[in-house]
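First the structure, in the form of structure tokens, and then the observations on it.
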Amino acid sequence: MPEARRWPTLSIRASVIIGIALAVIIPTVALWKMEERWTRQAQEPLVAQNRQAVLGLMTADLVTPLWTMDESAMLYRLQRGLMEPSVNSLRLTENRPLSKPVELSKTGAVVGQGVLYRAEVLHEGERLGELEIWFDPQQIEHALAERRTGTIQLAALQVLLSGLVLVVILTRRLLGPIQRLKQQASQMASRGTVVPTEWNRRDELGELGSHLNDVHTQVAELFDQLEGQKAELQRMALQDTLTDLPNRALFTELARASVAAAHRDGKCLALLFIDLDRFKPVNDTYGHAAGDALLMTLAKRLRAVVRSSDVVARLSGDEFTVLLHDASQWDQVSATADRVLKELEMPVHLPVGDISVSASIGVAFYPADASDHETLVSYADTAMYAAKNLGGSRTSFFREEFNHQLQAALQLEAEMRQALERNEFVLHYQPLVDARSGALLGCEALIRWQHPIRGLLSPFHFIPAAEQCGLISELGAWTIRSACQQIARWKEAGLQVGTVAVNVSALEFRHHRLLDTLTTAIAASGVRPGELEIELTESVLMTDIQTTQLIIERLHALGLPLSVDDFGTGYSSLSYLKHLRPAKLKIDRSFVKDLPGEEGDQVLVRAIVQLAHSLGIKVVAEGVETEAQQAFLRDIGCEILQGYLISRPQDAKGFEAFARRVSNTLVDA
1 MPEARRWPTL
11 SIRASVIIGI
21 ALAVIIPTVA
31 LWKMEERWTR
41 QAQEPLVAQN
51 RQAVLGLMTA
61 DLVTPLWTMD
71 ESAMLYRLQR
81 GLMEPSVNSL
91 RLTENRPLSK
101 PVELSKTGAV
111 VGQGVLYRAE
121 VLHEGERLGE
131 LEIWFDPQQI
141 EHALAERRTG
151 TIQLAALQVL
161 LSGLVLVVIL
171 TRRLLGPIQR
181 LKQQASQMAS
191 RGTVVPTEWN
201 RRDELGELGS
211 HLNDVHTQVA
221 ELFDQLEGQK
231 AELQRMALQD
241 TLTDLPNRAL
251 FTELARASVA
261 AAHRDGKCLA
271 LLFIDLDRFK
281 PVNDTYGHAA
291 GDALLMTLAK
301 RLRAVVRSSD
311 VVARLSGDEF
321 TVLLHDASQW
331 DQVSATADRV
341 LKELEMPVHL
351 PVGDISVSAS
361 IGVAFYPADA
371 SDHETLVSYA
381 DTAMYAAKNL
391 GGSRTSFFRE
401 EFNHQLQAAL
411 QLEAEMRQAL
421 ERNEFVLHYQ
431 PLVDARSGAL
441 LGCEALIRWQ
451 HPIRGLLSPF
461 HFIPAAEQCG
471 LISELGAWTI
481 RSACQQIARW
491 KEAGLQVGTV
501 AVNVSALEFR
511 HHRLLDTLTT
521 AIAASGVRPG
531 ELEIELTESV
541 LMTDIQTTQL
551 IIERLHALGL
561 PLSVDDFGTG
571 YSSLSYLKHL
581 RPAKLKIDRS
591 FVKDLPGEEG
601 DQVLVRAIVQ
611 LAHSLGIKVV
621 AEGVETEAQQ
631 AFLRDIGCEI
641 LQGYLISRPQ
651 DAKGFEAFAR
661 RVSNTLVDA
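Quick look at the structure:
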């Protein structure tokens with residue numbers, strides 16, 4: 001019978017060395033694998049968060065240069081963003097006609113390779129462009145590779161030190177320390193409380209034990225850091241980072257819980273939806289740092305003016321909410337809203353100076369107005385807009401009729417969008433004639449809506465709604481294109497109509513697409529300098545004069561003269577006339593209607609004419625309806641007349657007929 005195969009006999013020293021070596025290597029490898037897995041799991045959301053943060057910061061950083069069309073600043077911000085270690089390449093596509101995408105990449109990287117993140121660059125809801133960023137797909141692997149090398153080196157050092165110690169000491173002196181080392185190495189894989197193993201020995205085993213204590217402490221600290229980062233991410237997800245108030249997500253959960261508790265206990269809630277008035281000019285004038293400081297101060301005031309049991313949250317931008325518990329008394333809620341208004345209206349002392357804003361507050365009640373938290377927020381928001389439409393700086397309580405008004409506004413917005421698609425808008429033209437000769441000098445293009453049901457609508461029926469819902473820029477662009485196309489048709493027909501004036505609203509004037517729209521329309525229609533004119537109101541010209549002057553200089557570069565509409569009804573000022581030098585001033589019809597009988601109007605109109613002439617500006621009188629008004633205006637030197645006495649606004653064919661009659665009359669004369 002053959003002898004059974006036996007394993008080779010090892011010496012005690014070799015057995016102990018091998019045993020200790022295995023006891024060190026196996027836990028280290030296990031820890032390495034677990035740590036690598038945990039690190040990967042922890043790093044992946046952090047990397048994604050970091051990438052999203054980089055994208056968000058770059059998108060916010062590009063708003064100003066894209067809005068102002070500052071290419072050097074835009075390129076500088078893109079190059080600065082490319083310096084982010086995790087960014088391989090990026091592409092910026094501007095939402096402007098004829099613009100080309102800007103692509104940048106690091107050395108050795110190719111645009112379009114990597115992990116893609118994209119976001120739109122928005123300014124007040126308007127899309128300025130799209131930013132695409134490709135991140136290093138091996139970002140986490142690189143970090144793990146560095147940690148893997150260190151772990152391997154540490155394990156090798158542990159094995160080496162253990163072997164050296166075991167070579168020079170007796171087995172009976174090693175067994176106890178070996179057992180302690182095995183126990184200590186096993187503890188490294190746990191995430192419990194760190195209990196250091198005391199080592200009084202000064203030999204290699206003692207050093208190794210102390211070193212393992214340090215490694216255990218470092219691993220525990222790493223886990224603590226990861227837990228802290230996780231807690232911070234959770235806090236950021238539920239708390240507004242600027243004001244430390246609950247954000248929209250947390251407020252939604254708190255509101256849902258409050259409504260459920262109120263329903264269970266038979267109690268009432270009141271929701272105050274707060275929107276700051278005139279906050280945007282603070283950012284535009286003093287900068288976003290001042291705006292942030294203002295928001296932080298106002299948030300503290302809101303928190304201080306209500307009870308500790310009430311919920312104060314920041315939803316977005318300059319919007320806040322206050323959820324009042326046990327709000328069964330209407331007068332108490334009203335008093336609280338008044339206190340909030342007074343606190344918010346108090347000046348805020350900042351390094352740039354004292355800043356004052358007001359607020360519009362909408363209030364809705366549970367269960368009197370709404371039966372769930374979403375409807376409660378919606379109704380309070382609707383009431384807030386009602387307060388803002390009344391001039392702001394006030395409180396408005398929700399009423400059912402607000403819903404009807406909101407639905408009507410939404411219906412009108414939808415109909416206007418369809419009208420743009422179906423080409424239901426038309427232009428009418430009101431002539432401007434020479435006050436002495438009656439010669440046709442031009443016309444004013446006035447938009448009308450040929451509604452399929454309500455008939456022909458004047459601008460008063462839809463322009464305010466278009467401004468509120470953001471369609472005014474599209475209507476303005478349509479007006480400019482249509483006016484330029486009509487000028488081209490008249491020129492092709494050999495009809496001389498003079499200058500066609502187009503009204504531009506305040507929102508449209510400061511829109512970054514205005515100059516692009518004008519440039520494209522002029523080039524496509526072949527409009528020459530002096531054939532198209534831009535009309536603006538005084539309020540537009542008096543807001544941010546430096547920016548206004550820059551835009552007007554660009555308009556002049558396109559060959560477009562400027563006319564000031566409704567002069568005398570706004571902020572009449574010698575200063576802006578001196579700086580901007582418009583080609584024409586249009587006296588508002590309110591000063592013309594009682595001429596020549598009203599002595600006060602005579603004095604004002606004479607003064608306007610003399611002022612304009614002294615500055616070399618022509619004067620247009622609007623609303624001329626009687627021959628007596630015509631005679632008076634002609635005698636005091638008003639050069640141009642416009643009104644029903646000359647002609648009502650007419651469609652293109654009617655205006656053409658008028659222009660030919662005037663031309664024939666002058667020839668016969």
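So for the sequence shown, UniProt numbering puts the first residue at 1; every next one is plus one. Just so you know, even glycine gets a beta-carbon here, dropped at the ideal spot from N, CA and C.
Open item on the list: Would residue 621 and residue 633 qualify as a contact pair, given that the criterion is a beta-carbon distance under 8 Å?
Closed with: Reading the sequence shown from its first residue, position 621 is the one you call residue 621. Reading the sequence shown from its first residue, position 633 is the one you call residue 633. The answer is yes: Cβ separation under 8 Å.
Task: Segment limits, alpha helix (DSSP H) that includes residue 635 - done: Position 635 of the sequence shown, counted from the first residue, corresponds to residue 635. Residue 635 -> alpha helix (DSSP H) spans 627-635.
- [ ] Could you pull out every unbroken beta strand (DSSP E) segment of at least 3 residues lying fully inside the stretch 406-443, listed in chain order?
- [x] 425-434
Open item on the list: Using a Cβ-Cβ cutoff of less than 6 Å, which residues in the same chain neighbour residue 312 once the five nearest sequence positions on both sides are dropped?
Closed with: Translated into positions along the sequence shown, residue 312 becomes position 312. Taken in chain order, the residues that qualify are 245, 302, 303, 322.
TODO: Could you pull the start and end residues of the beta strand (DSSP E) that residue 593 belongs to?
DONE: Working through the sequence shown from its first residue, we reach residue 593 at position 593. Premise fails: residue 593 is in no beta strand (DSSP E) and is neither H nor E.
TODO: Determine, using beta carbons only, whether residue 558 and residue 519 come nearer to each other than 8 Å.
DONE: As a first step, residue 558 must be located in the sequence shown, where it is residue number 558. As a first step, residue 519 must be located in the sequence shown, where it is residue number 519. Yes; because the gap between Cβ atoms is below 8 Å, this pair is in contact.
Task: alpha helix (DSSP H) segment containing residue 248, residue limits - done: Working through the sequence shown from its first residue, we reach residue 248 at position 248. Segment 248-265, the alpha helix (DSSP H) holding residue 248.
Open item on the list: Suppose the cutoff is 8 Å on Cβ atoms and the five residues either side in sequence are ignored; what does the same chain contact list for residue 130 look like?
Closed with: As a first step, residue 130 must be located in the sequence shown, where it is residue number 130. For residue 130, where only same-chain residues beyond five positions count, the Cβ hits under 8 Å are 92, 93, 95, 118, 119, 120, 121.
- [ ] May I ask you to list the residues that DSSP assigns as paired with residue 314?
- [x] Residue mapping note: residue 314 aligns to position 314 of the sequence shown, counting from 1. Its beta-bridge partners are 320.
Open item on the list: To the nearest angstrom, how far is the alpha carbon of residue 242 from that of residue 292?
Closed with: The residue labelled residue 242 in the question sits at position 242 within the sequence shown. The residue labelled residue 292 in the question sits at position 292 within the sequence shown. So the two alpha carbons sit approximately 7 Å from each other.
Task: Per DSSP, cross-strand counterpart(s) of residue 127 - done: Here residue 127 is taken as the residue at index 127 of the sequence shown, counted from 1. DSSP, once it has assigned bridges, lists 122 as partnering residue 127.
Task: Among 64, 295, 213, nearest to residue 284 - alpha-carbon criterion - done: Position 284 of the sequence shown, counted from the first residue, corresponds to residue 284. Of the candidates 64, 295, 213, the one whose C-alpha sits nearest the C-alpha of residue 284 is 64.
- [ ] Within the same chain, show all residues whose beta-carbon is closer than 8 Å to that of residue 254, passing over the 5 residues directly before and after it, in chain order.
- [x] By one-based count along the sequence shown, residue 254 stands at place 254. Answer for residue 254: 246, 311, 313, 323, listed in chain order.
TODO: Just the C-alpha distance for residue 348 and residue 430, rounded to the nearest angstrom, thanks.
DONE: Residue mapping note: residue 348 aligns to position 348 of the sequence shown, counting from 1. Residue mapping note: residue 430 aligns to position 430 of the sequence shown, counting from 1. Going from the Cα of residue 348 to the Cα of residue 430 covers about 49 Å.
Open item on the list: Considering only the alpha carbon of each residue, which of 594, 366, 617, 614 lies closest to residue 630?
Closed with: On the sequence shown, residue 630 is found 630 positions in, with the first residue counted as 1. Checked all of 594, 366, 617, 614; the closest Cα to residue 630 is 594.
Task: Span of the beta strand (DSSP E) around residue 349 - done: Numbered from 1 along the sequence shown, position 349 holds the residue referred to as residue 349. Unbroken beta strand (DSSP E) run through residue 349: 348-350.
Task: Close Cβ partners of residue 343 (< 6 Å) along its chain, the five nearest in sequence each way excluded - done: As a first step, residue 343 is located in the sequence shown; it is residue number 343 there, counting from the start. The answer, listed in chain order, is 301, 305.
Task: Rounded straight-line distance, which links the Cα of residue 592 to that of residue 609 - done: Within the sequence shown, numbered from 1, the residue matching residue 609 stands at position 609. Within the sequence shown, numbered from 1, the residue matching residue 592 stands at position 592. Going from the Cα of residue 609 to the Cα of residue 592 covers about 13 Å.
Task: residue 460 - DSSP class collapsed to helix/strand/coil - done: For the purposes of this step, residue 460 is taken as the residue at position 460 of the sequence shown. Here residue 460 sits in helix by DSSP.
Task: Sufficient close CB pairs (3 or more, under 8 Å) joining the stretch 647-667 to the stretch 488-496 - done: yes
- [ ] Inspect the CB distances between the stretch 372-389 and the stretch 414-424 and report whether three or more fall short of 8 Å.
- [x] no
Task: Residues sharing a beta bridge with residue 371, DSSP - done: Along the sequence shown, one-based indexing puts residue 371 at 371. None; residue 371 has no bridge partner.
Open item on the list: Taking the alpha helix (DSSP H) that residue 394 belongs to, which residues open and close that run?
Closed with: Stepping through the sequence shown from its first residue, residue 394 is reached at position 394. Run containing residue 394: none in the alpha helix (DSSP H); it sits in the beta strand (DSSP E), 394-397.
- [ ] Compute the distance between the beta-carbons of residue 427 and residue 446, then report whether it is under 8 Å.
- [x] Stepping through the sequence shown from its first residue, residue 427 is reached at position 427. Stepping through the sequence shown from its first residue, residue 446 is reached at position 446. Cβ atoms of residue 427 and residue 446: closer than 8 Å.
Open item on the list: Taking DSSP's pairing of strands, which residues face residue 134 in a bridge?
Closed with: The sequence position of residue 134 within the sequence shown is 134, counting from 1. The partner list for residue 134 (beta bridge, DSSP) reads 89, 116.
TODO: Alpha carbon to alpha carbon, how far is residue 588 from residue 606? Give it in angstroms, no decimals.
DONE: As a position in the sequence shown, residue 606 is number 606, starting the count at 1. As a position in the sequence shown, residue 588 is number 588, starting the count at 1. Using only the alpha carbons, I get a separation of about 13 Å.
TODO: Identify, in the order they occur along the chain, each residue of the same chain with its Cβ nearer than 8 Å to the Cβ of residue 640, setting aside the five sequence neighbours on each side.
DONE: Locating residue 640 in the sequence shown gives position 640, counting from the first residue. For residue 640, where only same-chain residues beyond five positions count, the Cβ hits under 8 Å are 432, 433, 434, 435, 441, 584, 618, 619, 620, 621.
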